[in-house]
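668 is the number that this note's numbering gives to position 430 of the sequence shown; each next residue is one higher, with no gaps. To keep things clear, I will list the structure first and then write my remarks on it.
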Amino acid sequence: MPEEASRIWHPNFKKYTDFIVKHPNYKGLFFEYSADGNVKWVVTGKSDNGLKRRVWWNARCRENKIKIEPGCYAKIALAIHPTKKHVCQICGKSLIIEYVYPNKRLINNIKKEFGIEYTPYDKTIFDIVNDLAKNLINLNKFLTIFKISGPSIKTKKELNDYIYQEFTQKNVKAFLSPGVMSNSPDRFDGFHSDGNCCRGVSDKGRHKDNLSRYGQDRRVYENWADGNWKMADRLMSEFSNYGLSADHIGPISLGFCHRPKFQPMTREQNSTKNNRMSFNDVKILINDELEGDKVISWHSRFIWDNLKGGVKNDKDAVKLSSLMRANLHHILTIFSIIKDNGYESFLKRLLHPEYSFYDYKFIGFNPKDGTYKEVKAIERTGKNQQNNVGRYLRIAFDELDQYRSISNRKTKELNNAIINKEIEKLLAQLKGNKNQQAFKNLQQIFKILADQAANSW
Ligand SMILES: [Zn+2]
239 MPEEASRIWH PNFKKYTDFI VKHPNYKGLF FEYSADGNVK WVVTGKSDNG
289 LKRRVWWNAR CRENKIKIEP GCYAKIALAI HPTKKHVCQI CGKSLIIEYV
339 YPNKRLINNI KKEFGIEYTP YDKTIFDIVN DLAKNLINLN KFLTIFKISG
389 PSIKTKKELN DYIYQEFTQK NVKAFLSPGV MSNSPDRFDG FHSDGNCCRG
439 VSDKGRHKDN LSRYGQDRRV YENWADGNWK MADRLMSEFS NYGLSADHIG
489 PISLGFCHRP KFQPMTREQN STKNNRMSFN DVKILINDEL EGDKVISWHS
539 RFIWDNLKGG VKNDKDAVKL SSLMRANLHH ILTIFSIIKD NGYESFLKRL
589 LHPEYSFYDY KFIGFNPKDG TYKEVKAIER TGKNQQNNVG RYLRIAFDEL
639 DQYRSISNRK TKELNNAIIN KEIEKLLAQL KGNKNQQAFK NLQQIFKILA
689 DQAANSW
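What follows is the structure, given as structure tokens:
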């Protein structure tokens, strides 16, 4: 997970941030400059500075008669944005923040209907209408790409107005996407720093194309999460059938299991949550454990068990979230060291490709609370399942390579004499084929890391 702070800013993004912080629409919204003269664009949502920003956004919501509830910050960030165009931190491209770009599905529909394949986030639907409507006698035909036969449309302007009103203004996610996802109040302007042009590259796990293409959540593999991932994936699909995003109560990127229990959320809410737990989330997780559920992956159990009891409010929960995230980063770095030393087969045993050989049907799924009456397991042994196993292992191991190259660049990474000594011991055990011992030692290492994290609690 490349940290945004370590990213090099595209010069256009620097210009954009300078323009935005000085714009009167954001008067009074907290920010600072860093030593290098860049705007400190990001604050942690629940830090003191984050709270200052939240207070400001809440005031703007009230002014604009927007009720403070999940999704409200996306609305207000769009409403007050002076240009409605965001600049991507990575590539410097300027994209419109409204729902104007055709998503994969609409691009496919256009291809089927007109034989032309458009590149995502290259042209707005209105540009495309202008392109395609040139040779069209019956403009209504255009609406078939939205699977509707609309009103009688005579001019291109009427057509564009109709699409704007019916799809853009109503944020119809089934067909259109904005150029950037909302992220308030962490980012000053209320939007993610990377535009959707680059979001797939910088944050694969959240990218909707990856999620929807396989109905799978690759974060599960990337973070070496425990849990019946196949059943959880299938339950996630149930949510997306209702246009909802399935929220992990305990985020996978913090070391929690991918288990078939989620909270329904809109995409916007889920992107706002951004891997942070609330006090309430922690309470739910502890309660689920009391009821016999396994919520935490084996590698992250130590830090969770150490610290979960000390969480008394949202601020604690955020603190625990960031400690757990850092801890998982260490864990994956250690896995990557094991891999680099040639013990991939040892690591392979920590993964669970076997879940691939089952499929699940949920009966009586309730999109309001994510519950279901019954789940039916079906055994499957076809070629698809075999391919799935391959993909699962590949993604998990690829991620370790990434961890290694990122952590090499980081300064304070595992600069820890005790841990380094233990890792040496572990590698010696693996060399001597003492896998059982090595696994015990690996757990010991994670326990030490968890104790060290507890010291900074
Ligand atoms: Zn970009």
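Here a beta-carbon is modelled for each residue, glycine too, at the ideal position from N, C-alpha and C. Keep in mind it's a predicted model, so treat the numbers as computed, not measured.
With a CB to CB cut of under 8 Å and the five nearest residues on each side skipped, what residues in its chain are close to residue i?
i: residue 682; result: 660
i: residue 260; result: none
i: residue 492; result: 513, 515, 538, 559, 562, 563 and 566
i: residue 414; result: 337, 338, 339, 340, 341, 344, 363, 405 and 406
i: residue 371; result: 377, 380, 394 and 397
i: residue 477; result: 483, 484, 500, 502, 605 and 608
i: residue 697; result: This structure leaves residue 697 out entirely; the chain is present only between 239 and 695.
i: residue 248; result: 325, 326, 327, 328, 329 and 330
i: residue 632; result: none
i: residue 390; result: 378
i: residue 529; result: none
Between residue i and ligand 1, is there a pair consisting of the residue's CB and a ligand heavy atom that are separated by less than 7 Å?
i: residue 608; result: no
i: residue 577; result: no
i: residue 417; result: no
i: residue 699; result: It is not possible to answer for residue 699, since the shown part of the chain is limited to 239 through 695.
i: residue 328; result: yes
i: residue 636; result: no
i: residue 427; result: no
i: residue 432; result: yes
i: residue 310; result: no
i: residue 436; result: yes
i: residue 278; result: no
i: residue 331; result: yes
Once DSSP output is grouped into helix, strand and coil, what is the label at residue i?
i: residue 413; result: coil
i: residue 356; result: coil
i: residue 614; result: strand
i: residue 248; result: coil
i: residue 609; result: strand
i: residue 425; result: strand
i: residue 583; result: helix
i: residue 777; result: The chain is shown only over 239 to 695; residue 777 falls outside these bounds and no answer can be derived.
i: residue 678; result: helix
Please work out which residues of its chain come closer than 6 Å, Cβ to Cβ, to residue i, disregarding the five sequence neighbours upstream and downstream, and give them in chain order.
i: residue 208; result: One cannot answer for residue 208 here, as it falls past the ends of the chain, which runs 239 to 695.
i: residue 239; result: Below a pLDDT of 50, predicted positions are generally treated as unreliable, and residue 239, at 34, falls in that range; no measurement from the model is reported.
i: residue 691; result: 541, 561 and 565
i: residue 202; result: Since the displayed the chain opens at 239 and closes at 695, residue 202 lies outside it and no answer follows.
i: residue 255; result: 277 and 279
i: residue 612; result: 601
i: residue 292; result: 423
i: residue 441; result: In this predicted model, residue 441 has a pLDDT of only 42, less than 50, meaning its place in the structure is not dependable; the value taken from the coordinates is given anyway. So the list is empty, once near-sequence residues are dropped.
With a threshold of 7 Å on Cβ separation, who are the neighbours of residue i within its own chain once the five nearest residues in sequence on each side are excluded?
i: residue 588; result: 462
i: residue 435; result: 326, 329, 331, 333 and 359
i: residue 272; result: 278
i: residue 490; result: 457, 458, 461, 463 and 496
i: residue 581; result: 668
i: residue 595; result: 617, 618, 619 and 623
i: residue 302; result: 314 and 317
i: residue 684; result: 537, 540 and 569
i: residue 585; result: 573, 576 and 577
i: residue 375; result: none
Going by DSSP, what residue range makes up the beta strand (DSSP E) through residue i?
i: residue 543; result: Unbroken run through residue 543 is the alpha helix (DSSP H), 539 to 545; no beta strand (DSSP E).
i: residue 324; result: 323 to 325
i: residue 597; result: 596 to 601
Consider the Cβ of residue i: report whether some Cβ of chain D lies at a distance smaller than 8 Å.
i: residue 513; result: This model lacks chain D altogether, as it is built from one protein chain only.
Terminal residues of the continuous alpha helix (DSSP H) containing residue i?
i: residue 407; result: Taken as a continuous stretch (DSSP letters only), residue 407 belongs to no alpha helix (DSSP H), as it is neither H nor E.
i: residue 556; result: 552 to 578
i: residue 656; result: 655 to 669
i: residue 401; result: 394 to 401
i: residue 377; result: No alpha helix (DSSP H) holds residue 377; DSSP gives it neither H nor E.
i: residue 364; result: 363 to 371
i: residue 274; result: Note, residue 274: premise wrong, no alpha helix (DSSP H); not H, not E.
i: residue 268; result: Unbroken run through residue 268: none, as it is neither H nor E.
i: residue 432; result: Element bounds for residue 432: n/a, residue is neither H nor E.
i: residue 263; result: First-last for residue 263: undefined, no H or E at that position.
- Message: Quick check on the DSSP output: what are the complete alpha helix (DSSP H) runs of length 4 or more inside the segment 448 to 535, in order along the chain?
- Response: 456 to 460, 467 to 479, 505 to 511 and 517 to 528
- Query: Residue ranges of each beta strand (DSSP E) run of no fewer than 3 residues wholly in the segment 277 to 348, ordered along the chain?
  - Reply: 323 to 325 and 332 to 334
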